[in-house]
Every structure is written in C-alpha cells, then in structure tokens.
Amino acid sequence: MLNYDQVFIRDFVPSAIAFLLKGESDIVKNFLLHTLQLQSWEKTVDCYSPGQGLMPASFKVRSVPLDGISEAFEEVLDPDFGESAIGRVAPVDSGLWWIILLRAYGKITGDYALQERVDVQTGIRLILNLCLSDGFDMFPTLLVTDGSCMIDRRMGIHGHPLEIQALFYSALRCAREMIGVTDGSKNLICAINNRLSALSFHIREYYWVDIKKINEIYRYKTEEYSHDAINKFNIYPEQIPSWLADWIPVKGGYLIGNLQPAHMDFRFFSLGNLWAIVSSLATQRQSEGILNLIEAKWDDIVANMPLKICYPALEYEEWRIITGSDPKNT
Numbered sequence: 006m007l008n009y010d011q012v013f014i015r016d017f018v019p020s021a022i023a024f025l026l027k028g029e030s031d032i033v034k035n036f037l038l039h040t041l042q043l044q045s046w047e048k049t050v051d052c053y054s055p056g057q058g059l060m061p062a063s064f065k066v067r068s069v070p071l072d073g074i075s076e077a078f079e080e081v082l083d084p085d086f087g088e089s090a091i092g093r094v095a096p097v098d099s100g101l102w103w104i105i106l107l108r109a110y111g112k113i114t115g116d117y118a119l120q121e122r123v124d125v126q127t128g129i130r131l132i133l134n135l136c137l138s139d140g141f142d143m144f145p146t147l148l149v150t151d152g153s154c155m156i157d158r159r160m161g162i163h164g165h166p167l168e169i170q171a172l173f174y175s176a177l178r179c180a181r182e183m184i185g186v187t188d189g190s191k192n193l194i195c196a197i198n199n200r201l202s203a204l205s206f207h208i209r210e211y212y213w214v215d216i217k218k219i220n221e222i223y224r225y226k227t228e229e230y231s232h233d234a235i236n237k238f239n240i241y242p243e244q245i246p247s248w249l250a251d252w253i254p255v256k257g258g259y260l261i262g263n264l265q266p267a268h269m270d271f272r273f274f275s276l277g278n279l280w281a282i283v284s285s286l287a288t289q290r291q292s293e294g295i296l297n298l299i300e301a302k303w304d305d306i307v308a309n310m311p312l313k314i315c316y317p318a319l320e321y322e323e324w325r326i327i328t329g330s331d332p333k334n335t
C-alpha cells in the first residue's frame with residue numbers, strides 16, 4: 006500500500022513559505038494548529054509509546070461514520086508517528102520543522118498572538134523537552150536512527166546526521182524567541198542557550214572539512230587517550246575517500262554528513278549544508294566556502310537535476326551494505 010494520501014509535515018514547509026509570501030496565511034495557521042492537536046494523540050508500536058511531544062511524520066484525511074446517524078460521515082485527521090511508516094521510523098525532524106514554520110509565520114505575518122497561545126507554548130515546550138532530555142550521548146548533537154528525516158530510507162545516516170543538527174540548531178533559535186519568559190521557563194531558556202553554544206562549536210569545529218582540514222586528518226595520530234587529544238574521535242586517516250582531495254576546491258569546503266567515534270561521513274548533503282547557511286550555524290567563512298564549492302562542482306551537485314540530495318551516490322557493494330540493497334536508493 007502506498008502513502009500518497011498522506012500530508013507530510015516536512016514536505017508542506019516549502020509550500021507553507023510560498024503561501025505566506027502570497028499572503029495566504031490562514032492556510033499555514035490552520036496547518037500549525039491542526040498538527041499541534043495531533044501531537045497529543047496516543048501512539049504505540051508493538052505496545053510501546055515514544056516520548057511525549059513527538060510530532061507526526063504525516064497525516065491523512067479519513068471519513069468516519071457519525072454515531073447514531075446513518076449514512077452520515079465526518080472527516081478527521083489520522084496521524085502517523087511511524088507506526089505505519091515504511092521501516093517504522095519515528096520522525097525526528099517533524100517537530101523541528103513545526104517550530105521553524107511557526108516562527109516564520111509570526112515573522113512574515115506579524116501575528117505573534119498565535120505563538121503566545123497556551124496550547125502553542127505547551128507544544129513548543131514538549132518538543133524541546135523531548136529534544137533536550139538527558140541520555141547516554143556525550144555530544145551536543147542529536148542521536149537519531151537512519152531514515153528519521155527527509156532522507157526517510159536507509160542511507161547510512163544513523164548517528165548524528167548534519168541535516169538533523171542544522172534543523173535542531175534552527176529550531177532552538179526560533180524557540181528561544183517564542184518561549185514566554187516566566188519563572189517556569191527560565192531553566193528551559195538556560196538549557197537552550199547552553200545547547201546552542203555547545204552545538205554551534207561542535208558543528209563548526211568538527212564537521213567542517215576543507216583542504217587544510219584534510220591535511221590535518223592525514224597527520225592524525227590515533228589511539229590517543231587523554232583530555233587534550235587532537236584526534237578526539239579517533240579518526241583513522243585511511244577513512245578519507247580517494248575522490249575527496251581532488252574534488253574539494255582550494256577556496257571551498259563543506260560540513261560533512263555525519264560524525265561519530267571513529268567515523269566521518271565525507272559525503273556532501275545539500276539540505277544540511279544549505280540550512281546551516283540559512284540558520285547561521287555555519288560561520289560566514291564557512292558559508293562562503295560551501296557556496297564556492299557548489300559553484301565549482303555544479304555539474305556534480307546540480308547537473309541536470311534541481312539539486313542532488315547527496316554526493317557522491319552509493320554504488321555496487323557499498324550501496325548493498327549501507328542501504329540494505331534498497332532499490333529506491335540507487
């Protein structure tokens with residue numbers, strides 16, 4: 006069964022921006038409020054319920070019969086939190102996109118009353134509490150499974166993918182501007198500020214790759230056990246792919262796709278890099294480097310398509326291992 010009858014939160018965002026720019030803001034306002042109502046729905050996968058505050062990946066309009074009235078129906082929204090999704094993956098990006106769109110709505114329309122509503126403030130807090138909750142991870146980045154964002158199929162992005170981190174940073178900045186300042190919100194705002202500082206440093210320092218950084222990695226020592234280790238993630242120089250040194254321009258650079266212990270994903274992911282520019286997660290120098298790279302490697306990144314999601318594509322045995330032989334990721 007296909008899911009073409011579903012409205013995906015992430016897919017609606019570009020349309021929502023277009024509606025706002027055309028002055029059709031009621032459509033976006035209704036979308037924000039209706040998806041907020043879906044946030045509180047009970048959701049389970051094999052009797053297990055995910056954390057409170059999760060936004061659905063998508064929803065569809067379903068007709069249900071009215072009680073006591075024959076042949077009468079009403080339309081309701083039926084959300085999917087991943088319990089019906091291909092691969093059963095919960096959407097990490099939906100709540101982040103929702104916060105970003107809410108902020109865009111207020112900035113473009115000047116209608117800040119929407120974000121000040123009690124139910125909307127509660128929705129923002131629930132999303133933030135879910136994202137900022139303590140766990141086993143030692144990094145300020147969000148740890149997610151494969152397929153939990155726009156790349157919604159197995160693509161080897163499990164861990165700390167750039168796309169999620171760029172959206173996370175953007176959503177935190179938007180939420181900080183919208184959260185009402187009260188005695189009850191001071192701790193949350195403090196947590197947001199602390200996370201923003203740590204997250205921006207982490208991405209700018211460790212995800213950035215240019216010719217200079219590649220040369221540094223080639224000289225890395227490994228197996229360093231100390232607080233002041235230079236090779237903090239124990240990256241082996243042999244991980245650097247053969248195509249990279251000749252591909253990256255002298256005046257260009259980009260943010261890598263993923264960073265984990267002993268692993269750097271050197272693929273170029275378009276959305277993560279471009280959103281890092283939009284949200285100011287990347288520094289001005291890094292933003293210029295990313296745009297220089299896109300211009301220099303236009304045939305690789307754009308070519309005859311609007312914009313490639315990822316470069317380079319996975320092929321042969323690497324494709325089989327990383328995607329699980331998924332024919333839709335060829």
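Numbering (the numbering used here), first residue to last: 6 to 335.
Positions of the beta carbon are idealized from the N, C-alpha and C atoms, including for glycine.
Predicted model, so just to flag it, every value in this text is computed and none were measured.
DSSP places residue 139 in the coil class of the three-state scheme, outside both helix and strand.
Just so you know, the alpha carbons of residue 120 and residue 263 end up roughly 33 angstroms apart.
With a 10 Å radius around the Cβ and a threshold of 16 neighbouring Cβ atoms, residue 255 comes out exposed. The alpha carbon of residue 268 has as its nearest neighbour, out of 122, 211, 205 and 232, the alpha carbon of 211. In terms of Cβ geometry, residue 129 and residue 180 form a close pair [threshold 7 angstroms]. In this structure, the straight-line span from the alpha carbon of residue 98 to that of residue 26 is close to 23 angstroms. Listed in chain order, the beta strand (DSSP E) elements of length 3 or more contained wholly in the region 57-90 are 63-70 and 78-85.
When DSSP reads this structure, residue 259 sits in a beta bridge with 214.
Counting C-beta atoms within 10 angstroms of its own C-beta, residue 64 has 16 or more neighbours from the protein chains shown and is therefore classed as buried. Taken through DSSP and simplified to helix, strand or coil, residue 157 comes out as coil. With contacts defined as CB atoms closer than 7 angstroms, residue 306 and residue 278 fail to qualify as a contacting pair.
Under the three-state reduction of DSSP output, residue 270 falls in the strand class. Going by DSSP, residue 149 is part of no alpha helix (DSSP H) at all; its letter is neither H nor E. Shown here, residue 265 sits in a strand according to DSSP, grouped into three states. Under the DSSP assignment, residue 277 falls in the alpha helix (DSSP H) whose first and last residues are 275-283. Bridge partners of residue 13 according to DSSP: 63. Beta-bridge annotation (DSSP): residue 164 is paired with 149. Counting along the chain, the unbroken alpha helix (DSSP H) around residue 37 starts and ends at 30-44.
Your pair residue 314 and residue 275 checks out as a contact, with CB atoms roughly 6 angstroms apart and the cut at 8 angstroms. Residue 316 sits in a strand when the DSSP states are folded into three classes.
Selection 123, 247 and 155 evaluated against residue 223 yields 247 as nearest (Cα-Cα). An exposed status is given to residue 312, since fewer than 16 other beta-carbon atoms sit within 10 Å of its beta-carbon. Pairing residue 217 with residue 257, the inter-Cα distance amounts to about 10 angstroms. Here DSSP, grouped into helix, strand and coil, assigns residue 247 to coil.
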